[in-house]
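**Q** What follows is a single structure, and I will ask about it in a moment.
Residue numbers (my numbering): 147 to 453.
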């Protein structure tokens, strides 16, 4: 897993994302104020930001398996929820590297620290971002070609034994709108700005719109007007973000997705918080008014950004 991309305690301002250490027993830590956390969610424990995984939930208490030495962790230390499961980063270079159990690259850590020991809380990318790899697109693909899950759209040469086949994930399909020419690329090669917006809004819809359930009070009775309001504001944000990027792409003051994300962090937080509106407590009139106000705030924010 690429732990370098996980949220960091010093960067997180929302108190709702923090729990606090309640007890420590070897590699097992219990934490309070963890309401809203999920089973097997990855967390950062203590001021050293040790990597851990939630293995039990009971009320607002969470039991955490920490994958690093817990000496020095004390009661009251912060526990940061990341909202992500334990996962593995895939890409060129993975077959030629040596990792520990949570995909930290041992050779890169040794080069960085000049030590055989792994420092606690070390943050380093699982795969090398500087190396370039030879990419060859699929010969049968063109812009406009239709692709579906399992289709091979390119090859990456890693070494004499390994040639990576780049495949579309299962259950995915679509039409090719851009295909990079043959050449050498690193794994951080950037997407087009509009593609970044598409991916981020798709993630927003997946994580906040499609995660509604029948257990939380604000989701148990989700009326149609709330569902429509949430999706409408998310799509409106997408349309306005694309317009801002496309309309300034040829000017000196280009607007990028990074700029939008930086200037509209609070707006994105409000969009992701729409699901917490409780139809029973707040009522239809109030919720509709708040959604309409959020749309107006978005329009004003984008207008200010473009000026």
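Virtual Cβ for every residue (Gly too), placed ideally from N, Cα, C.
List, from N- to C-terminal side, the alpha helix (DSSP H) runs of 4 residues or more that fit wholly inside the segment 301-355.
**A** Entirely contained in the segment 301-355, the alpha helix (DSSP H) runs reaching 4 residues are, in chain order, 339-350.
**Q** How is the beta strand (DSSP E) around residue 187 delimited, first residue to last?
**A** 187-191
**Q** In chain order, what residues of the same chain have a beta carbon less than 7 angstroms from the beta carbon of residue 329, not counting five sequence neighbours either side?
**A** 281
**Q** Alpha carbon to alpha carbon, how far is residue 184 from residue 292?
**A** 37 angstroms
**Q** Hey, how far is the Cα of residue 237 from the Cα of residue 257?
**A** 21 angstroms
**Q** Between the beta-carbon of residue 251 and the beta-carbon of residue 164, is there less than 7 angstroms?
**A** Against a cut-off of 7 angstroms, the Cβ pair of residue 164 and residue 251 comes out as no contact.
**Q** Can you give the Cα-Cα distance for residue 297 and residue 310, rounded to whole angstroms?
**A** 13 angstroms
**Q** Tell me whether residue 201 is buried or exposed, calling it buried when 16 or more other Cβ atoms sit within 10 Å of its Cβ.
**A** exposed
**Q** Using 8 angstroms for Cβ pairs, my map puts residue 191 next to residue 175. What's the rounded Cβ distance?
**A** 6 angstroms
**Q** Spatial neighbours of residue 273 within its chain, please: CB distance less than 8 angstroms, with the 5 preceding and 5 following residues excluded, ordered by chain position.
**A** Here residue 273 has 148, 235, 237, 238, 239, 240, 243, 251, 333 as same chain residues with Cβ atoms under 8 angstroms from its own Cβ, once five neighbours each way along the sequence are excluded.
**Q** Any contact between the segment 338-347 and the segment 374-391? By contact I mean 3 or more CB pairs, one from each, below 8 angstroms.
**A** Segments in contact, yes.
**Q** Which residue marks the beginning of the beta strand (DSSP E) containing residue 200, and which one marks its end?
**A** From DSSP, the beta strand (DSSP E) with residue 200 extends over 196-204.
**Q** Just to confirm before moving on: does the CB-CB distance between residue 232 and residue 277 stay below 7 angstroms?
**A** no
**Q** Determine whether the beta carbon atoms of residue 447 and residue 413 lie at a separation below 7 angstroms.
**A** yes
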